[in-house]
Amino acid sequence: MDVNSQKPLTLAELIAPRRKALRLSQPRAADLAGVHRQTWITWEKGRVRPEEYNYAGIEQALQLPAGTVADVLAGLVTTAPDLPAPARAEVVRTRTRILSATPEELVALRQDVEEVMGREVADEFLRRALALREPPPPGGPGNQRRDRTVS
């Protein structure tokens, strides 16, 4: 046995991390693939093997090259394909927008997040983004000024 050989990637090991890297919720990924949310979840958990007619939908939803799902299911893939450059660029653009956004712009970004990830994630996004903008305590953290009364 070759010591350097890698274990083939399972479909479950491919699709859940890929979906998260693309910042897609399970319902959104299912919608993009043209299947019911519960069907998508069973694929992510490795409980059910998708039918061949679903392969293209999975590949489209996850921005995978054509034939990737068939290759994974055949045990021919050991590492996940890289994210396409536009997806990586979108992550960088989004991070930049968050760091430079006004509170009003953050609310608009929150709406974008809700469309893709759902309400709970969007609310948490907004809470964390606004927390980054809170001014530090006077004197900075750990450097609080202590007034002393002189008698």
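In our numbering, the protein residues as written are 960 to 1110. Note that CB positions come from ideal geometry on N, CA and C, so glycine has one too.
Item, Value
"Determine the burial state of R1008: buried for a count of at least 16 other Cβ atoms within 10 Å of its Cβ, exposed for fewer.", "exposed"
"Count the other C-beta atoms from every protein chain shown that fall within 10 angstroms of the C-beta of G1016, then say buried if there are 16 or more, exposed otherwise.", "buried"
"Look at the alpha carbon of K966 and the alpha carbon of L1089, and state the distance between them as a whole number of angstroms.", "43 Å"
"Are T1027 and L991 close, meaning C-beta to C-beta below 9 Å?", "no"
"On the CB-based measure, 16 or more other CB atoms within 10 Å of its CB, does G1003 come out buried or exposed?", "The sequence given here has Glu at residue 1003, not Gly. Per the 10 Å Cβ criterion, buried."
"Nearest by alpha-carbon distance to L1042: which of R996, L1035, R1078 and P1024 is it?", "P1024"
"Within this structure, are the beta carbons of T1053 and L1065 separated by less than 9 Å?", "no"
"Does R1087 pass the burial test, meaning 16 or more other C-beta atoms within 10 Å, or should it be called exposed?", "exposed"
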